[in-house]
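Number of protein chains: 2
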Amino acid sequence: MATISDISIAASINILSAFAFFVAFAVLRIQPINDRVYFPKWYLKGLRSNLLQSGAFVHKFVNLDFQSYLRFLNWMPAAIQMPEPELIDHAGLDSAVYLRIYLTGLKIFAPIAIIAFTVMVPVNWTNSTLEDSNLTYSNIDKLSISNIPLGSKRFWTHIVMAYVFTFWTCYVLKREYETITSMRLHFIASEHRRPDQFTVLVRNVPPDPDESVSELVEHFFMVNHPDYYLTHQVVYNANKLSELVKERKNKQNWLDYYQLKYSRNQSKRPLTKTGFLGFWGKTVDAIDFYTSEIDRLSKEISDERLKIDNNAKYIMPAAFVSFKTRWGAAVCAQTQQSRNPTLWLTEWASEPRDVYWNNLAIPYVSLTIRRLIVAVAFFFLTFFFMIPIAFVQSLANIEGIEKALPFLKPIIEKKVIKSFIQGFLPGIALKIFLIFLPSILMLMSKFEGFSSISALERRSATRYYIFQFINVFLGSIITGTAFQQLNNFIHQSPNEIPKTIGVSIPMKATFFITYIMVDGWAGVAGEILRLRPLIIYHLKNFFLVKTETDREEAMDPGSLGFNTGEPQIQLYFLLGLVYAVVSPILLPFIIIFFGLAYVVYRHQIMNVYNQEYESAAAFWPDVHGRIIIALIVSQLLLLGLLSTKEASQSTPMLITLPILTICFDRYCKGRYEPAFVRYPLQQAMMKDILDHTKEPNIDLEVYLRSAYVHPVLKAGDDYESNLASEDDHMEPALVPTKRHSQMTTLLPSKHSGSSQYLIV
Amino acid sequence: MATISDISIAASINILSAFAFFVAFAVLRIQPINDRVYFPKWYLKGLRSNLLQSGAFVHKFVNLDFQSYLRFLNWMPAAIQMPEPELIDHAGLDSAVYLRIYLTGLKIFAPIAIIAFTVMVPVNWTNSTLEDSNLTYSNIDKLSISNIPLGSKRFWTHIVMAYVFTFWTCYVLKREYETITSMRLHFIASEHRRPDQFTVLVRNVPPDPDESVSELVEHFFMVNHPDYYLTHQVVYNANKLSELVKERKNKQNWLDYYQLKYSRNQSKRPLTKTGFLGFWGKTVDAIDFYTSEIDRLSKEISDERLKIDNNAKYIMPAAFVSFKTRWGAAVCAQTQQSRNPTLWLTEWASEPRDVYWNNLAIPYVSLTIRRLIVAVAFFFLTFFFMIPIAFVQSLANIEGIEKALPFLKPIIEKKVIKSFIQGFLPGIALKIFLIFLPSILMLMSKFEGFSSISALERRSATRYYIFQFINVFLGSIITGTAFQQLNNFIHQSPNEIPKTIGVSIPMKATFFITYIMVDGWAGVAGEILRLRPLIIYHLKNFFLVKTETDREEAMDPGSLGFNTGEPQIQLYFLLGLVYAVVSPILLPFIIIFFGLAYVVYRHQIMNVYNQEYESAAAFWPDVHGRIIIALIVSQLLLLGLLSTKEASQSTPMLITLPILTICFDRYCKGRYEPAFVRYPLQQAMMKDILDHTKEPNIDLEVYLRSAYVHPVLKAGDDYESNLASEDDHMEPALVPTKRHSQMTTLLPSKHSGSSQYLIV
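As you go down the protein sequences, you meet chains H and D in turn.
Each residue of the first sequence is one higher than the one before, counting from 1 in full-length UniProt numbering.
Each residue of the second sequence is one higher than the one before, counting from 1 in full-length UniProt numbering.
(1) Under a CB-based cut-off of 9 Å, is C170 (chain H) close to chain D?
(2) Starting from the beta carbon of P674 (chain D), find every residue of chain H whose beta carbon is closer than 8 Å, and list them in chain order.
(3) In angstroms with no decimal places, state the Cα-to-Cα distance between L297 (chain D) and R184 (chain D).
(4) Is the beta carbon of A509 (chain D) sitting closer than 9 Å to the one on S583 (chain D)?
(5) Could you tell me which of D:V374, D:G92 and D:K153 sits nearest to I459 (chain D), measuring between CA atoms?
(6) Closer than 9 Å, CB to CB, is L185 (chain D) near chain H or not?
(7) Helix, strand or coil: which one does DSSP assign to W348 (chain D)?
(8) Using the beta-carbon count (16 or more within 10 Å), is S133 (chain H) buried or exposed?
(9) In this structure, does DSSP put D285 (chain D) in helix, strand or coil?
(10) Answer yes if the stretch 648 to 657 of chain H comes into contact with the stretch 589 to 597 of chain H, meaning at least three C-beta pairs across the two stretches below 8 Å, and no otherwise.
(11) If we define contact as Cβ-Cβ less than 9 Å, is D444 (chain D) a contact residue for chain H?
(12) I'd like the span of the beta strand (DSSP E) that includes P317 (chain H), first residue to last.
(13) With a threshold of 16 other CB atoms inside 10 Å of the CB of P557 (chain D), please say whether the residue is buried or exposed.
(14) Please state whether the Cβ-Cβ distance between Y679 (chain H) and Q334 (chain H) is less than 9 Å.
(15) Using a Cβ-Cβ cutoff of 7 Å, what residues of the stretch 366 to 378 of chain H are near chain D? List them in chain order.
(16) Can the beta-carbon of V202 (chain H) be found less than 9 Å from the beta-carbon of H225 (chain H)?
(17) My assumption, with CB atoms under 8 Å, is that T346 (chain D) sits in contact with V545 (chain D). Please give the rounded CB distance.
(18) Output, in chain order, the set of chain H residues within a Cβ distance shorter than 8 Å of D227 (chain D).
(19) Would you verify that the beta carbon of P680 (chain D) is, or is not, closer than 9 Å to some beta carbon of chain H?
(20) Return no unless some Cβ of chain C is closer than 9 Å to the Cβ of H491 (chain H).
(21) Judging by CA-CA distance, which residue of D:Y38, D:K282, D:V245 and D:A286 is the nearest neighbour of Q259 (chain D)?
(22) At a Cβ cut of 7 Å, what residues of the stretch 658 to 670 of chain D count as close to chain H, listed as they run along the chain?
(23) Contact check, T564 (chain D) vs I470 (chain D) under 8 Å by CB: the rounded distance?
(24) Taking 9 Å as the CB-CB limit, is Y464 (chain D) close to chain H?
(25) Is it buried or exposed, Y171 (chain H), if we count other Cβ atoms within 10 angstroms and call 16 or more buried?
(26) Who does R203 (chain D) pair with in a DSSP beta bridge?
(27) So, is T272 (chain D) buried or exposed, given that buried needs 16 or more other C-beta atoms within 10 angstroms?
(28) Quick one: what does DSSP say L143 (chain H) is sitting in, helix, strand or coil?
(29) Buried or exposed: D303 (chain H), going by 16 or more other Cβ atoms within 10 Å of its Cβ?
(30) Pull the bridge partners of K273 (chain H) from the DSSP assignment, please.
(31) Taking buried to mean at least 16 other C-beta atoms within 10 Å of its own C-beta, is G151 (chain D) buried or exposed?
(32) If you drop the 5 nearest sequence neighbours on each side, which residues of the same chain put their C-beta closer than 6 Å to that of Y98 (chain H)?
(33) Of all the residues that make up the stretch 685 to 697 of chain D, which are near chain H by a beta-carbon distance shorter than 7 Å?
(34) Return the first residue and the last residue of the beta strand (DSSP E) that T231 (chain H) is part of.
(35) Grouping DSSP H, G and I as helix and E and B as strand, with all else coil, what is V355 (chain H)?
(36) Determine the extent of the alpha helix (DSSP H) in which D89 (chain H) is found, giving its start and end residues.
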């Protein structure tokens with residue numbers, strides 16, 4: 001049992017480390033040499049050009065304006081200043097809505113915390129159950145529900161509070177859903193013409209012995225959408241081609257590296273070995289070797305490109321079909337085309353950059369089977385992931401290493417190193433697994449066959465949430481592996497389960513407080529420092545960068561990472577809602593997390609992240625649904641907890657609560673969710689008419705013809721232009737912000753008119 | 001424990017009673033006076049005219065052709081003869097597909113029974129577990145799984161059989177789904193022009209201060225479907241009007257009755273009392289009283305009709321919107337219209353006669369709440385229905401009756417009557433409840449707000465199935481009320497439940513055999529006798545019938561009653577699948593039920609039932625889904641049973657089975673279900689083009705303008721024509737069958753060319 005002083009010590013340590021991160025960030029950030037690490041977004045948008053070109057030599061690398069060091073927390077208000085509509089213009093709706101998740105957290109938990117501390121804490125505190133018992137307890141426990149005697153009438157406070165909290169949460173959720181729905185519709189309506197508004201992805205085009213896929217698609221839509229069909233673009237299987245292009249780029253990097261090395265030290269031609277990573281094989285002249293390799297790959301690439309153009313086998317049974325009007329596309333995307341509902345499947349085309357090309361040709365039956373396989377695999381991953389890790393742990397002990405690599409023996413036998421290895425090794429297998437988990441989940445989603453990156457990320461997020469719920473939340477409350485829990489739960493009656501978990505909840509409050517501080521506070525503060533991109537950027541800059549384009553590429557702005565970020569936030573929603581009634585002491589820690597994360601991520605979104613796609617907040621139904629799940633879990637656990645407190649007369653009251661919550665969820669699903677999966681004809685028609693009046697003579701066919709060409713095919717044969725055009729493609733449209741400069745730095749900026757939020 | 005001889009006695013009793021029903025039916029059927037009871041369908045189709053007009057007086061009432069008595073089972077082959085396409089023409093697709101449920105039963109269980117008797121019965125029989133034990137057992141139990149010793153290797157036979165049966169059932173289900181899907185699509189494609197193909201029901205039209213509903217609808221669809229919108233029909237709230245019309249019809253019946261009475265005995269004017277049912281109140285001249293009442297009602301009706309025409313409050317926020325092409329309607333029905341997904345909800349209009357007019361104006365929020373209320377009410381109905389019945393039973397004892405109605409005391413005290421009441425009363429409350437249950441469930445569905453009669457029936461069927469599953473199937477296996485079971489199950493671990501039920505299953509085989517014979521065999525045989533319609537028809541014929549129209553109305557052909565019939569069939573599927581592996585002795589009884597029911601219902605559909613609507617087999621996904629559920633239940637119960645037999649090494653094999661079944665179900669859902677809920681554009685377009693070439697000049701607007709007017713509003717002011725037109729409206733389209741007469745009866749028939757299947 002941690003006492004309040006334990007908690008305060010832990011809190012101060014974490015606050016200090018977070019503070020240290022912030023200071024480090026503040027110092028590193030204002031060094032010109034790091035500018036591309038901390039402000040890549042502005043470079044990508046072309047609003048900030050190379051800083052290394054002008055000024056004194058020293059000024060290029062180190063900031064000597066000491067005043068700016070004093071204002072080291074200035075980025076915080078700057079991050080909050082940019083109004084939301086401008087943020088949407090600047091970074092897209094996805095990012096703006098993502099930030100609203102944190103805001104939702106604040107909106108839900110701030111009032112709940114106030115009520116909990118004014119109403120429930122006094123009710124809990126003014127008992128003496130813990131004092132009278134022989135249990136060891138801390139003052140923190142006196143604030144929790146554990147301090148209420150069995151069968152006390154005071155439990156009614158908690159029940160009423162459960163209702164109040166539920167209604168408040170639902171109210172906030174409903175308002176958020178409403179706002180975000182209208183934001184999404186407004187965003188889609190106010191957007192400029194985009195190819196995906198006119199385009200539908202058709203999958204499972206049936207094979208035809210007489211016609212090619214392209215002819216078949218054309219004829220089918222000519223007949224069935226005669227007034228609206230415009231053009232189409234078949235999908236080529238360019239997976240091999242894009243691999244070749246990737247390999248050439250890699251070789252090109254090595255060539256650059258050796259050329260740079262040679263130019264710095266011209267006395268000796270650099271050498272390399274032909275084998276794996278240059279470790280094995282014949283020694284050759286590096287520059288010659290890589291030049292010839294690149295030539296070879298270039299030839300292969302143009303061969304492959306020829307094959308794709310001429311061989312029908314490279315055409316997949318899928319196509320992007322474009323229509324003359326948004327109305328026509330909306331109709332086609334929402335209706336069934338063929339008598340056989342597994343053929344001619346239509347869905348809205350994602351944005352061109354959101355398309356996941358590799359999955360476009362999976363047939364319908366295969367999808368069912370893939371889904372089954374992934375479901376089974378995920379089940380085993382969730383409940384049995386400890387088994388291989390335990391196996392690795394049992395291998396990776398000192399004796400094992402000494403046997404496998406006897407030459408390391410003298411080093412390992414040293415006492416310091418030995419104890420370090422013994423303490424470190426068991427954890428490292430688990431840590432590595434957890435680092436790779438999101439990638440594993442992403443692989444699963446890819447295997448499952450989703451056709452857009454946003455859908456892949458959403459599905460991965462769902463799985464990651466389930467994994468965290470079972471292994472972090474339940475795993476921390478009930479000790480034992482997930483599999484042991486599963487086994488217990490199967491052998492328990494269903495109404496025992498909430499009891500078992502509910503009873504353990506108050507005891508785990510201090511554990512979760514620490515968890516929030518380490519994972520939440522310090523994690524968020526670490527995020528802003530961007531240690532990994534910082535190091536990699538400087539390495540690349542030193543070894544590879546020759547041209548401006550190279551430098552552009554060396555930046556790694558990253559993106560929001562919905563598949564890892566959102567499940568983490570959801571864990572805090574879960575903790576907050578579960579502990580709101582049981583141990584309100586947890587709430588302030590969660591509120592600080594949400595506040596801090598909001599500021600940090602807002603800053604990052606404004607200055608760093610480069611969104612890979614724009615799904616117009618398509619993820620909100622998932623976010624909403626998971627908060628509802630957290631709410632229901634909290635209600636069931638409270639029910640379980642109270643039923644052990646001899647307060648069973650409260651059961652009917654508490655059973656009603658999840659039922660009402662489910663009804664609320666169904667209402668929201670019907671009322672708001674369609675806006676995220678369908679496209680209302682009214683809106684399509686309005687936009688069509690508007691477009692038609694504004695630009696009656698635009699040639700849409702030209703505009704749409706090559707919008708959905710595979711990125712590798714779009715590029716010409718020359719690989720330099722290839723790389724450049726690929727960049728073009730990924731680059732978001734230029735949206736200069738509207739404010740005037742209040743730049744407080746001496747550094748020049750090409751478009752300084754838009755850098756108000758770049759307070760350095 | 002029933003022995004084989006017990007079963008044979010029960011079987012012979014039931015076979016005899018079924019046989020008696022058939023003989024009675026055979027005799028009653030060929031009496032001309034009953035012709036309208038046993039062949040109403042032919043009258044309604046106009047293929048058979050009044051038999052009472054010609055021939056000798058005696059011949060009008062009694063059949064004196066004794067040869068025809070000898071061929072009394074001739075109806076059976078006749079019932080089977082009509083080929084399916086002709087049956088679809090004659091009685092609609094719904095009826096034809098309904099019969100296929102019985103055929104599916106035969107297809108599933110006949111091969112299963114053969115395999116079970118050749119493979120499993122020998123395996124079970126050649127053990128001596130029961131002989132060695134001290135339990136009482138019968139030879140029937142020796143055929144079941146109970147005879148296998150604990151932990152025997154022979155259980156592998158049962159596991160393999162479970163796989164074989166599952167695969168066979170799935171194979172049959174898949175083929176049936178495929179056939180019925182193509183039947184449905186073919187039926188829709190080959191149908192003549194029907195208003196519902198061009199019409200979409202729009203609900204939740206938003207209120208507008210400036211425009212009437214009609215204007216609003218017109219403007220909205222003019223703008224958003226400019227090329228396809230044709231016309232629309234607003235929905236009037238004519239609930240009060242139709243009640244008035246109903247009341248007038250009732251009064252008219254009484255008037256007819258008294259006029260007939262007076263015409264038979266002109267010496268005395270008939271008298272009646274003005275109060276409830278003519279029991280209380282002032283005594284008046286009956287003919288004068290009812291004439292004035294009818295005049296009053298006629299006036300009220302025309303007043304109400306005027307109000308409906310002129311008062312905007314009678315217009316509901318819903319409309320039937322018709323389009324120029326099927327394509328346009330298909331598009332509108334499948335897409336979202338408005339930004340707010342709870343407004344302008346569109347769905348396919350049902351057939352005009354399938355529309356449930358009262359529910360057309362329920363707003364969206366109310367629907368969610370209604371659904372919740374009904375779900376809770378159904379939960380209580382299912383699990384607690386015994387409580388009020390037990391209460392009624394406790395009141396309705398001898399002492400209670402004697403206290404309430406002391407003057408009955410001398411009669412009740414007689415020994416015979418007393419024991420009769422004591423034996424009869426407790427059961428009667430339950431029996432009455434069970435008779436009214438389908439109506440209660442139908443009321444629930446109506447309250448829930450479905451807008452078509454077919455949807456109401458489907459939902460009621462689902463609820464009835466759940467009720468039967470819990471109270472008949474589980475209730476018979478585990479004694480105790482449903483609530484006690486629920487309580488047990490909540491306090492048991494989830495993997496105990498299949499064990500508890502599984503263990504009891506083999507012991508209940510003989511009970512279910514008796515149940516199948518009484519409820520199945522005798523019930524089906526009773527259905528063909530139509531005792532209730534027979535009595536009511538003759539009563540009406542004697543007291544009310546004056547004109548041909550009256551006689552037409554006195555017929556009560558009834559209809560299939562999907563909401564009661566289908567759940568009953570499903571119970572047999574459940575029993576068959578559950579007992580296939582455990583006690584195959586049940587299978588022959590189920591096969592006989594399916595065969596008998598198939599013949600009987602085919603006969604009834606051909607000769608009696610008058611379908612109220614045509615949903616083009618929209619119910620098949622429900623039927624399929626419930627057989628899948630039965631399959632999964634059988635697999636889980638086998639798992640539970642085997643886990644008590646020390647055959648736990650089989651668990652992984654058996655867990656795989658339901659997972660595979662669920663995957664199969666999901667595959668079928670994706671592959672076939674869309675054909676039942678959506679309308680492919682390809683088909684709509686084909687039909688449109690065909691129509692356009694055939695009849696390029698048809699004026700669709702005239703055709704569609706009044707298709708969706710409320711039936712009471714369609715009629716003129718004159719109430720005679722009103723009644724007649726209502727009939728018109730209910731009458732199905734005339735589809736004469738194509739064969740030539742082989743009529744073996746002396747009775748004349750107007751269109752004898754189509755009466756081949758009327759073998760008398």
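Backbone N, C-alpha and C fix where the C-beta goes; we use that ideal spot for every residue, glycine too.
All figures in this text were calculated on a predicted structure; none of them were measured in a lab.
Per the coordinate set shown:
(1) It does not; no Cβ of chain D falls within 9 Å.
(2) The answer, in chain order, is Q336 and P341.
(3) Near 44 Å, if we compare the C-alpha coordinates of R184 (chain D) and L297 (chain D).
(4) Yes.
(5) For the record, residue 459 (chain D) in the displayed sequence is Arg; it is not Ile. For the set D:V374, D:G92 and D:K153, the Cα lying nearest the Cα of R459 (chain D) is the one of D:V374.
(6) Chain H contact via Cβ: present.
(7) In the three-state scheme derived from DSSP, where H, G and I count as helix and E and B as strand, W348 (chain D) is classed as strand.
(8) With fewer than 16 other Cβ atoms within 10 Å, it is exposed.
(9) Judged by DSSP in its simplified three-state form, D285 (chain D) adopts strand.
(10) The stretch 589 to 597 of chain H is not in contact with the stretch 648 to 657 of chain H.
(11) Residue identity differs from the one stated: residue 444 (chain D) is Met in this sequence, not Asp. Not flagged as an interface residue toward chain H: M444 (chain D), since no C-beta distance is shorter than 9 Å.
(12) If you look at P317 (chain H), you'll find it in the beta strand (DSSP E) that goes I315 to F323.
(13) By the neighbour-count definition (other C-beta atoms within 10 Å, threshold 16), P557 (chain D) is a buried residue.
(14) The beta carbons of Y679 (chain H) and Q334 (chain H) sit closer together than 9 Å.
(15) Residues of the stretch 366 to 378 of chain H with a C-beta less than 7 Å from any C-beta of chain D: T368 and L372, listed in chain order.
(16) In this structure, V202 (chain H) keeps its C-beta atom at 9 Å or more from the C-beta atom of H225 (chain H).
(17) Contact doesn't hold; Cβ gap of about 45 Å is too wide.
(18) From the beta-carbon of D227 (chain D), the residues of chain H found nearer than 8 Å are D227.
(19) For P680 (chain D), the answer is yes, since a Cβ of chain H falls inside 9 Å of its Cβ.
(20) Given the protein chain composition of this structure (H and D), no chain C is represented.
(21) Among D:Y38, D:K282, D:V245 and D:A286, the Cα nearest to that of Q259 (chain D) is on D:A286.
(22) Going along the stretch 658 to 670 of chain D in chain order, one finds C663, R666, Y667 and G670 with a Cβ nearer than 7 Å to chain H.
(23) Here T564 (chain D) is actually not in contact with I470 (chain D); their C-beta atoms are around 17 Å apart, not less than 8 Å.
(24) Interface annotation, Y464 (chain D): not in contact with chain H, CB-CB separation never under 9 Å.
(25) Under a 10 Å Cβ-count criterion, Y171 (chain H) is classified as exposed, with fewer than 16 other Cβ atoms of the shown protein chains found around its own Cβ.
(26) Partner residues in the beta bridge of R203 (chain D), as assigned by DSSP, are D:L345.
(27) Within 10 angstroms of the beta-carbon of T272 (chain D) lie 16 or more other beta-carbons, which makes it buried.
(28) L143 (chain H) falls in the coil class under three-state DSSP.
(29) Burial call: exposed.
(30) Bridge partners of K273 (chain H): H:T283.
(31) Counting of Cβ neighbours within 10 angstroms places G151 (chain D) among the exposed residues, the total staying below 16.
(32) Contacts found: L560.
(33) Flagged, chain order: M685.
(34) From DSSP, the beta strand (DSSP E) with T231 (chain H) extends over Y229 to Y236.
(35) Shown here, V355 (chain H) sits in a strand according to DSSP, grouped into three states.
(36) Start and end: E84 to A91.
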